[in-house]
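Numbering (UniProt numbering), first residue to last: 1 to 113. The structure appears below as structure tokens.
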């Protein structure tokens, strides 16, 4: 039986999507974005820039101007999710406290025996 392609550009079937880990899925998406950017670079360099240069001369946009949106897209957040980090710190601290209490209780029990 041939499974239908369920997830467009990545050409994933429902069963293959279900078998992927998040790391594998992210790698597929990142690869797709890189391929799309490469094809866009080729289009800009071979088609768009020569046309812009012939029509607009010195006022023609540069390659960097035409791909400036990528800087916004690819910009990694400088600041991580502070709520997540504070939750991790909070629960790490609580777990450390519980482990210390557990060790104290075990020590007391061993002394009583």
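Cβ atoms here follow ideal geometry from the backbone N, Cα and C, with glycine treated the same way.
C-beta neighbour in chain B for residue i, strict 8 Å
i, result
"residue 51", "Of the protein chains in the structure, only one exists, and it is not chain B."
Endpoints, the alpha helix (DSSP H) within which residue i is located
i, result
"residue 46", "Careful: residue 46 lies outside any alpha helix (DSSP H) and carries neither H nor E."
"residue 16", "14 to 19"
"residue 71", "68 to 74"
Assigned exposure category for residue i - 16 Cβ within 10 Å defines buried
i, result
"residue 95", "exposed"
"residue 110", "exposed"
Which listed residue (the options) has its alpha carbon closest to that of residue i
i, options, result
"residue 44", "53, 54 and 63", "63"
Anticipated Cβ contact below 8 Å, residue i with residue j, distance rounded
i, j, result
"residue 52", "residue 60", "4 Å"
"residue 66", "residue 48", "7 Å"
### Query
Can we say the segment 6 to 16 touches the segment 25 to 32, given the rule of at least three CB pairs closer than 8 Å?
yes
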